[in-house]
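Participant: Numbering-wise (the working numbering), the sequence shown opens with residue -10 and increments by one.
Using N, Cα and C, we set each Cβ at its ideal position, and we do this for glycine too.
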Amino acid sequence: MKNNQPNIKKAKKYLDMNCCIGVPTETVYGLAANAYSSSAVQKIFKLKKRPKSNPLIVHYSNINDLKKDCLINENFLKLYKKFSPGPITYILSLIKNSKVSKIVTNKEKNLAIRFPKHKIFKKLLDRLDYPLAAPSANISTKLSAVQALDVKEEFGNNIKYILDGGKCNIGLESTIIDITNKPKILRLGSLDVSKIEKVLGQKIKIDINPLKKIAPGQSQLHYSPGIPLRMNVTKPKKNEAYILVKKKKNNSSNYFYLSKKNNLKEAAKNLYSFLRKIKNRGYKAIAVEKIQNTGIGQSINDRLKRASKF
Ligand code: TXA
Ligand code: MG
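(1) What residues are listed by DSSP as bridge partners for Ala230?
(2) In whole angstroms, what is the alpha-carbon distance linking Pro44 and Asn228?
(3) On the DSSP bridge assignment, give the partners of Asp167 in chain order.
(4) With a threshold of 16 other CB atoms inside 10 Å of the CB of Asn86, please say whether the residue is buried or exposed.
(5) Which class does Ala24 belong to by DSSP, given the choice of helix, strand or coil?
(6) Have a look at Pro(-5), Ile(-3), Ile33 and flag the residue whose alpha-carbon is nearest the alpha-carbon of Cys9.
(7) In its own chain, which residues sit with a C-beta less than 8 Å from the C-beta of Phe263, not counting the 5 before and 5 after it?
(8) Are the beta-carbon atoms of Tyr79 and Ile166 separated by less than 8 Å?
(9) Out of Lys266, Glu162, Ile193, Ile92, which one is the CA nearest neighbour of Asn170?
(10) Would the beta-carbon of Val17 be found less than 7 Å away from any heavy atom of the ligand TXA?
(11) Under a three-way DSSP split, which group does Leu132 fall into?
(12) Please determine whether the Cβ atom of Ser213 lies at a distance below 7 Å from any heavy atom of the ligand MG.
(13) Please find out if some non-hydrogen atom of the ligand TXA comes closer than 7 Å to the beta-carbon of Ile46.
(14) Can you look up Ala101 in the DSSP assignment and give me helix, strand or coil?
(15) Our contact map puts Val140 next to Ile151 with C-beta atoms below 8 Å; I'd like the distance itself, whole angstroms only.
(16) Who are His48's beta bridge partners in DSSP?
(17) Just confirm the distance between the C-beta atoms of Leu81 and Ile61, as a whole number of angstroms; I'd bet it's less than 8 Å.
(18) How many Å lie between Asn(-7) and Thr14 at the Cα?
(19) Closer than 7 Å to a non-hydrogen atom of the ligand TXA - does that hold for the CB of Ile165?
(20) Taking just the CA atoms, how far does Gly271 sit from Leu175?
(21) Buried or exposed: which applies to Pro40, given that a residue is buried once 16 or more other Cβ atoms fall within 10 Å of its Cβ?
(22) Rank Ala230, Ser27, Thr223, Val222 by C-alpha distance to the C-alpha of Pro214 and give the top, closest one.
(23) Looking only at its chain, what residues have a beta carbon closer than 6 Å to the beta carbon of Ala276, apart from the 5 residues adjacent to it on each side?
(24) Alpha carbons only, please: which of Cys157, Thr94, Leu161, Asn282 is nearest the one belonging to Val47?
(25) Return yes when the C-beta of Ala29 is under 7 Å from any heavy atom of the ligand TXA, and no when it is not.
And the structure:
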């Protein structure tokens, strides 16, 4: 296995200096900074051009560190045992003595937290004496980054370092669940809601209404490739890039297959990189075939719907 120690050391050096750096996670790349430092997290908002009202997810390496900042409860423990580390983000209540910068939550009392699974990112977190605030590593409303090169494309020389961890395994953001009260899903993501329901033994409300104040990142316009996108298309126009999941006989150069075998997981993994590729090839518009609206297909459709609000 490649020795990542020198790179992890470098990443730590920049983070200790309160710089923002790109980090790999199993979902998408993050733009990370010390969550305990206001000056560090301020830089995240500036670099991403993100409104201050849109709070950040904080990444922890272990539950003991989390307990220094948040109140945990029974539902959290059930889900944590089953799904963490992994693509699930929990909304928890901050405790009074928490050291998390108030800027992270825009002074609100709830914090979004996640335990990432990516080996290199985990190793980095283990070495730090603070957790990392890290939203997706893209300019606000634009496409998320799923490899180091994408992060470079988003921020150029405005960030000092990107810890390269290869292409993201999952390629789609985490599922967000608010468990401060009766559990509710705030963002569909790469962990199936049905799996969460099974563990909690209850049906869970899906509350992804973009007009609500609670999760501003759920804004209508998001994940935008920067060109118009339309969904549920059976016949693309001549100049459109056509995205499909199911293999057709047609192999025109404007046909892009998200999966080789009609596999939704594979489709999710390829979604952002295909959208980015299509845009970079100079297409002026994108058409997407109807995608099955079950499991992770629901999350793919959620992202496409927001991307189509261009
Ligand atoms: O997979 C992921 O979750 C990636 C990786 C890097 O961990 N992160 C990510 O972060 O997608 P971001 O900032 O792009 O999206 C986080 C979402 C935003 O929609 C934000 O509004 C919501 O989480 N959020 C953050 N803190 C919240 C809070 N305290 N209450 C409600 N929503 C919150
Ligand atoms: Mg994002």
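Facilitator: In short:
(1) Ile275
(2) 39 Å
(3) Ile80, Lys173
(4) exposed
(5) coil
(6) Ile33
(7) Ile232, Phe245, Leu247
(8) yes
(9) Ile193
(10) yes
(11) coil
(12) no
(13) yes
(14) strand
(15) 5 Å
(16) Arg103, Leu121
(17) 7 Å
(18) 15 Å
(19) yes
(20) 34 Å
(21) exposed
(22) Ala230
(23) Arg219, Val222, Pro225, Glu229, Tyr231
(24) Thr94
(25) no
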